[in-house]
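Peer 1: Quick one: this structure, given as structure tokens, is what I'll be asking you about.
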Amino acid sequence: MEDDDRTAAPTDSAGYGFPAALWRTIDKHPPPGANRLQRWRSPLRGPWLTSVFGLVLLVTLPIVIITGLLSYIAYGPQFGQAIPADVGFLKLPTFAWPANPSWLYRLTQGLHVGLGLVLIPVVLAKLWSVIPRFFAWPPSRSIAQLIERVSLIMLVGGILFEIVTGVLNIQYDYIFGFSFYTAHYFGAWVFIAGFVIHIVIKIPKMWSGLRSLSLRQVLRTKTADTRAQPPDTDGLVATDPAPPTVSRRGALALVGGGALFMAVITAGQTIGGFTRPAALLLPRGRTLGDRPNDFQVNKTFAASQIDPRATGDAWRLTLTGGPTPVVLDRAALAAMNQHTAELPIACVEGWSTTQVWTGVPLRDLARLAGVPNPRSAYVRSLERYGFNQATLQDNQVLHPDALLALRVNGADLSPNHGYPARIIVPALPGVHNTKWVASIDFRAV
Ligand SMILES: Nc1nc2c(c(=O)[nH]1)N[C@H]1C(S)=C(S)[C@@H](COP(=O)(O)O)O[C@H]1N2
Ligand SMILES: [Mo]
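full-length UniProt numbering numbers the first residue of the sequence shown as 1 and each following residue consecutively.
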């Protein structure tokens with residue numbers, strides 16, 4: 001533990017880097033109350049506990065980050081339909097999101113939201129374990145240390161911001177509109193930058209911190225025998241530790257229990273069935289329909305504000321992109337070759353559900369429209385507002401299981417699930433499985 005932030009830059013005898021006069025002045029003028037704030041006395045705080053939480057987050061947060069970025073790509077930024085559409089220099093390398101396996105987006109987005117929620121108690125515990133660092137005075141003694149402090153603000157501010165926007169998003173998505181996606185995307189990059197800098201700076205400390213106590217020993221130590229670690233240069237360890245009220249083992253159990261609790265109130269959104277009501281954090285998608293349409297409804301037919309007459313006998317599907325538009329009623333669609341596939345709807349909010357869909361393959365409709373090899377397909381809903389359109393990639397149109405579904409689980413679609421017809425495509429983010437389809441434009445670009 002002999003290493004110290006200060007060694008990163010040349011320092012004078014008092015430990016100040018360049019410009020020494022500045023750092024000395026700051027050091028000499030602490031804000032009122034700074035001393036009181038520095039009196040964190042839990043004997044549990046120290047390099048070991050911080051490093052354990054750090055290791056857990058080092059292994060798991062990259063999964064949350066990568067699945068989050070993958071979700072952005074799955075939305076199809078090449079069609080300008082990822083949110084936010086314009087991300088400046090933070091553009092991700094895009095690739096055609098695969099349509100195989102059909103549960104791909106269900107997995108990536110379930111992990112993103114599920115793991116993100118489960119890790120909240122660990123993040124809070126990690127922050128608790130380093131509280132003295134946030135109030136240390138002087139905040140820095142060198143330019144190198146100042147950069148480290150700024151990266152810390154990006155890291156801590158970034159992750160708290162991502163947690164808050166993420167949780168609000170799965171709760172109130174459509175009420176707050178698109179700005180949450182934008183905030184969550186740019187907030188993610190701030191967090192990622194802070195995370196990478198933090199890893200580079202702190203990894204050696206984490207390793208030595210992990211070795212500063214033996215896990216086996218910690219798991220055997222009762223509250224009464226719990227002692228503070230020897231004083232460290234980072235000031236994590238209390239100089240005047242209070243008597244222990246919980247062991248390190250107890251603290252780990254508490255945080256683990258918190259994570260488990262989050263898992264229990266989250267997993268039901270993907271597992272479904274009787275576990276679904278336990279998914280307390282996912283209020284959306286909990287409205288169920290009647291058998292065999294009794295699965296999660298995102299936006300109900302009533303909420304879509306579509307005139308019910310538009311989905312009755314007057315309904316027509318218009319296919320464009322070929323030499324002349326093709327107009328079909330529902331009976332004509334039902335008379336075409338029907339294909340059945342078991343496919344999930346996986347929402348960006350994390351919930352998902354797998355059902356058995358029957359309808360006309362999109363590639364058959366493309367051929368009928370006179371565009372047998374489209375590069376993309378632009379789908380429009382009868383709905384006037386909200387998620388009423390989507391562009392599909394060629395692999396998503398041409399996949400044999402990609403359907404304009406008329407039926408689900410052997411029955412006609414219910415109004416809530418998109419009657420007269422809806423899109424259902426393997427591995428497609430839920431939002432692009434447009435309900436109440438009015439037209440499809442098969443495109444050569
Ligand atoms: N026209 C239209 N289609 C839509 C939506 C919508 O709001 N309007 N919501 C989308 C979203 S976000 C999801 S997750 C799925 C949910 O389908 P479900 O309600 O049948 O479960 O529908 C998609 N299709
Ligand atoms: Mo969704």
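C-beta atoms are modelled at their ideal positions from N, C-alpha and C, and glycine is treated no differently.
#1: Consult DSSP for Ser352 and reduce its assignment to one of helix, strand or coil.
#2: Any residue with its C-beta under 5 Å from a non-hydrogen atom of ligand 2 counts. Can you list them all in chain order?
#3: In angstroms with no decimal places, state the Cα-to-Cα distance between Pro415 and Val246.
#4: Would you kindly work out how many angstroms separate the C-alpha atoms of Pro121 and Ala263, rounded to a whole number?
#5: Hey, which unbroken runs of the alpha helix (DSSP H) at 4 residues or more fall wholly within the segment 118 to 204?
#6: For Thr311 and Gly418, I'd like the C-alpha separation in whole angstroms.
#7: Tell me the DSSP secondary structure of His432 in three-state form.
#8: Beta strand (DSSP E) containing Pro344: first to last residue?
#9: Identify, in the order they occur along the chain, each residue of the same chain with its Cβ nearer than 8 Å to the Cβ of Trp23, setting aside the five sequence neighbours on each side.
#10: Determine the direct distance from the alpha carbon of Leu152 to that of Leu69, and round the result to whole angstroms.
#11: Based on the DSSP output, what are the partners of Trp357 in its beta bridges?
#12: By the 10 Å Cβ neighbour count, where 16 or more other Cβ atoms means buried, how is Thr50 classified, buried or exposed?
#13: Does ligand 1 have a heavy atom nearer than 7 Å to the CB of His417?
#14: Is Val356 close to ligand 1? I mean its beta-carbon at under 7 Å from any heavy atom of the ligand.
#15: Under 8 Å: do the segment 397 to 406 and the segment 366 to 386 share three or more Cβ pairs, one atom per stretch?
#16: Can you say whether Pro361 is buried or exposed, counting buried as having 16 or more other CB atoms within 10 angstroms of its CB?
#17: Are at least three pairs of beta-carbons, each pair with one atom in the segment 242 to 257 and one in the segment 319 to 336, less than 8 Å apart?
#18: For my contact list, Asn293 and Ala411 are in at a C-beta cut-off of 8 Å; report their separation, rounded to the angstrom.
#19: How would you label Glu2, buried or exposed, when you count the other beta carbons within 10 angstroms and need 16 or more for buried?
#20: Pick from Ile440, Ala427, Gln171: whose alpha carbon is nearest that of Ala421?
#21: Measure from the alpha carbon of Leu333 to the alpha carbon of each residue in Ala346, Leu317, Leu260, then state which is nearest.
#22: Once DSSP output is grouped into helix, strand and coil, what is the label at Ala9?
#23: Whole angstroms are fine: how far does the CA of Val431 sit from the CA of Val425?
#24: Where Val56 and Leu215 are concerned, what is the direct C-alpha to C-alpha distance, given to the nearest angstrom?
#25: DSSP three-state label for Tyr378, please.
#26: Can you tell me which of the three DSSP states Phe18 falls into?
#27: Can you list, in chain order, the residues of its chain with a C-beta nearer than 6 Å to that of Ser102? Leave out the 5 residues immediately preceding and following it.
#28: Identify every residue that forms a DSSP beta bridge with Asp441.
#29: I need the straight-line Cα distance from Trp436 to Asp313, nearest angstrom please.
#30: Given a cut-off of 8 Å, decide if Phe161 and Gly194 are closer than it, judged by their beta-carbon atoms.
#31: Cβ of Ala99 less than 8 Å from any chain B Cβ?
Peer 2: Walking through what the data contain:
#1: As a working note, residue 352 is residue 352 in the sequence shown. Strand.
#2: With 5 Å as the limit, the residues whose C-beta approaches a heavy atom of ligand 2 more closely than that are Cys347, Gly430, Val431, in chain order.
#3: The count along the sequence shown starts at 1 and reaches residue 415 at position 415. The count along the sequence shown starts at 1 and reaches residue 246 at position 246. Cα to Cα, Pro415 sits roughly 55 Å from Val246.
#4: Numbered from its first residue, the sequence shown carries residue 121 at position 121. Numbered from its first residue, the sequence shown carries residue 263 at position 263. Whole-angstrom Cα-Cα distance: 11 Å.
#5: Counting whole runs of 4 or more residues, the segment 118 to 204 contains the alpha helix (DSSP H) stretches 120 to 129, 131 to 134, 143 to 176.
#6: Here residue 311 refers to the residue found at position 311 when the sequence shown is read from its first residue. Here residue 418 refers to the residue found at position 418 when the sequence shown is read from its first residue. The alpha-carbon of Thr311 is positioned some 9 Å away from that of Gly418.
#7: On the sequence shown, position 432 is the one that residue 432 refers to. Annotated three-state conformation of His432 is helix, per DSSP.
#8: Counted from its first residue, the sequence shown places residue 344 at position 344. For Pro344, the enclosing beta strand (DSSP E) starts and ends at 339 to 346.
#9: Here residue 23 corresponds to residue number 23 of the sequence shown, with the count starting at 1. Non-local C-beta neighbours of Trp23 in its own chain, meaning closer than 8 Å and more than five positions away in sequence, comprise Tyr16, Gly17, Pro138, Ser140, Arg141, Ser142, ordered along the chain.
#10: Counting from one through the sequence shown, the residue named residue 69 turns up at place 69. Counting from one through the sequence shown, the residue named residue 152 turns up at place 152. CA-CA distance, Leu69 to Leu152, rounds to 22 Å.
#11: Taking the sequence shown and counting its residues from 1, one reaches residue 357 at position 357. Note: Trp357 sits in a beta bridge opposite Ala341, Val408.
#12: Indexing the sequence shown from 1 puts residue 50 at position 50. The residue in question, Thr50, is buried, as its Cβ has 16 or more Cβ neighbours within 10 Å.
#13: Residue mapping note: residue 417 aligns to position 417 of the sequence shown, counting from 1. In this structure, the C-beta of His417 approaches ligand 1 to less than 7 Å from one of its heavy atoms.
#14: The residue labelled residue 356 in the question sits at position 356 within the sequence shown. No.
#15: Contact between the segment 397 to 406 and the segment 366 to 386 is present, because at least three Cβ pairs lie under 8 Å.
#16: Here residue 361 refers to the residue found at position 361 of the sequence shown. Residue burial annotation: Pro361 is buried, with at least 16 other C-beta atoms found within 10 angstroms of its C-beta.
#17: Under the 8 Å Cβ criterion, the segment 242 to 257 does not count as touching the segment 319 to 336, having fewer than three qualifying pairs.
#18: Locating residue 293 in the sequence shown gives position 293, where the first residue counts as 1. Locating residue 411 in the sequence shown gives position 411, where the first residue counts as 1. Contact holds; Cβ gap of about 7 Å.
#19: The sequence position of residue 2 within the sequence shown is 2, counting from 1. Bear in mind that the predicted position of Glu2 carries a pLDDT of just 39, short of 50, making it unreliable; the figure below should be weighed with that in mind. When all chains shown are included, Glu2 counts as exposed.
#20: Looking up residue 421 in the sequence shown gives position 421. Nearest of Ile440, Ala427, Gln171 to Ala421, Cα basis: Ile440.
#21: Here residue 333 refers to the residue found at position 333 when the sequence shown is read from its first residue. Taking the Cα of Leu333 as reference, the smallest distance to any Cα among Ala346, Leu317, Leu260 is reached at Leu317.
#22: Looking up residue 9 in the sequence shown gives position 9. Its pLDDT being 45, under 50, Ala9 is placed unreliably in this model, and the value from its coordinates should be taken loosely. Three-state DSSP puts Ala9 in coil, outside helix and strand.
#23: Position 425 of the sequence shown, counting from 1, holds the residue named residue 425. Position 431 of the sequence shown, counting from 1, holds the residue named residue 431. In a straight line, the C-alpha of Val425 is about 11 Å away from that of Val431.
#24: Translated into positions along the sequence shown, residue 56 becomes position 56. Translated into positions along the sequence shown, residue 215 becomes position 215. So the alpha carbons of these two residues sit roughly 14 Å apart.
#25: Here residue 378 refers to the residue found at position 378 of the sequence shown. Strand, per DSSP.
#26: As a first step, residue 18 is located in the sequence shown; it is residue number 18 there, counting from the start. Coil at Phe18, not helix or strand.
#27: Within the sequence shown, residue 102 is the residue found at index 102, counting from 1. Around Ser102, the same chain offers Leu343, Pro426, Ala427 as residues with beta carbons nearer than 6 Å, after the five sequence neighbours per side are excluded.
#28: For this step, residue 441 is matched to residue 441 along the sequence shown. DSSP output for Asp441 lists Thr320, Tyr378 as bridge partner(s).
#29: For the purposes of this step, residue 436 is identified with residue 436 of the sequence shown, where counting begins at 1. For the purposes of this step, residue 313 is identified with residue 313 of the sequence shown, where counting begins at 1. Roughly 14 Å between the two C-alpha positions.
#30: In the sequence shown, residue 194 corresponds to position 194, counting from 1. In the sequence shown, residue 161 corresponds to position 161, counting from 1. It is not a contact, given that the beta carbons lie outside the stated cut-off.
#31: Protein chains in the displayed structure number just one, and chain B is not present.
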